[in-house]
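Asker: Got a structure for you, questions after.
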Amino acid sequence: MLKYYKIRTDPNSPCGVVTMDSEQKLFLSESMVNFLKGRLTAKPVPNPLKFTGSVYKPYPERPSHILEGAEVILVSEAFVSVLRGAGVDNFELFPTIVEYPKLKKTYTDYYVLNVVGTVDVLNKEKSEITTLMEGIPGETPGVHTIDKIVLDAKKLSKGDYKMFRPIQDPLKLIIDELVLFAFLKNRPPEIKEEIKNGKKAAAWGIEFDEISVE
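If you're matching positions, the sequence shown starts at 0 in numbering that gives the first Met the number 0 and goes up one per residue.
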């Protein structure tokens, strides 16, 4: 059985939180149901989507390669390249502009990542799930948060789950160990340089948390 990992921004990252510009929140409101259900986005999306980033600590070479905080997931072009190289293709991308006003820096190599196909592979007896808002059957999904994730080995054995989002909490992004190995093998240039110079370097400014499978 493969191991699985939850991906999240390194909590020590100084540039890991972004907010969507107010004039483009219409995209979020009209497309969020599709996003939460893991569906392809049906309506046209502004190109590019604009986000503003916050900085809390001394600035590194660049922000984390996954940015959270705007109710959608942003990932870098390098991140997407590794996904494709690992054979992951169940996603769609929307170009963005991410501005850091305090730093006077702008990044154009990030995308909103919509992982297509949320799945129900939790071990519900051993996972801990909090319901924040009940959904309407056949119309809108409920809003939940998973406080403790335990995956169901039997359910996982029935599919090929390289990368997925749990239907109960679609803002959580999960990959299998083969995709993790691809990330560790193909670190981006700035991280390779840090390693070369003998400095401690996190993998992509991302933490990979192993998930129990039972």
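Cβ atoms here follow ideal geometry from the backbone N, Cα and C, with glycine treated the same way.
1) Roughly how many whole angstroms lie between the Cα atoms of Val87 and Tyr3?
2) Are the segment 158-172 and the segment 103-122 in contact at 8 Å, needing three or more beta carbon pairs?
3) Could you pull out every residue in the same chain whose Cβ sits closer than 8 Å to the Cβ of Thr105, ignoring the five residues on either side in sequence?
4) Is it the case that the Cβ atoms of Val149 and Ser126 are separated by a distance below 7 Å?
5) Report yes if the C-beta distance between Met168 and Thr144 is below 7 Å; otherwise report no.
6) Measuring alpha carbon to alpha carbon, tell me which of Ser63, His64 and Leu73 ends up nearest Phe50.
7) Assign Ser80 to one of two classes, buried (16 or more other C-beta atoms within 10 Å of its C-beta) or exposed (fewer than that).
8) Determine the burial state of Met0: buried for a count of at least 16 other Cβ atoms within 10 Å of its Cβ, exposed for fewer.
9) Pick out whichever of Ile166, Leu172, Trp203 and Phe90 has its Cα sitting closest to the Cα of Phe182.
10) Please report the distance separating the alpha-carbon of Ile205 from that of Glu133.
11) Measuring straight from C-alpha to C-alpha, what distance separates Gly197 and Ser63?
12) Note the first and the last residue of the continuous alpha helix (DSSP H) segment covering Glu67.
13) With DSSP as the reference, label Glu206 as helix, strand or coil.
Answerer: Short version:
1) Looking at the two C-alpha atoms, the distance is approximately 15 Å.
2) Remark: three or more beta-carbon pairs, one from each stretch, lie closer than 8 Å, so the segment 158-172 and the segment 103-122 are flagged as touching.
3) Contacts found: Ile96, Val97, Glu98 and Tyr99.
4) The Cβ atoms of Val149 and Ser126 lie closer than 7 Å to each other.
5) Before going on, a small fix: residue 168 reads as Asp here, not Met. Going by C-beta atoms, Asp168 is nearer than 7 Å to Thr144.
6) Closest in C-alpha terms to Phe50, from the list Ser63, His64 and Leu73, comes Leu73.
7) With fewer than 16 Cβ atoms within 10 Å of its Cβ, Ser80 is classed as exposed.
8) Taking a 10 Å sphere around the C-beta of Met0, we find fewer than 16 other C-beta atoms and assign the residue as exposed.
9) Answer by Cα proximity: Trp203.
10) Between Ile205 and Glu133, the C-alpha separation is close to 31 Å.
11) With a pLDDT of only 49 at Gly197, under 50, the local geometry of the prediction cannot be trusted, and the value read off the model is given with reservation. The C-alpha of Ser63 is placed about 20 Å away from the C-alpha of Gly197.
12) Glu67: not part of any alpha helix (DSSP H); DSSP gives it neither H nor E.
13) Glu206 falls in the strand class under three-state DSSP.
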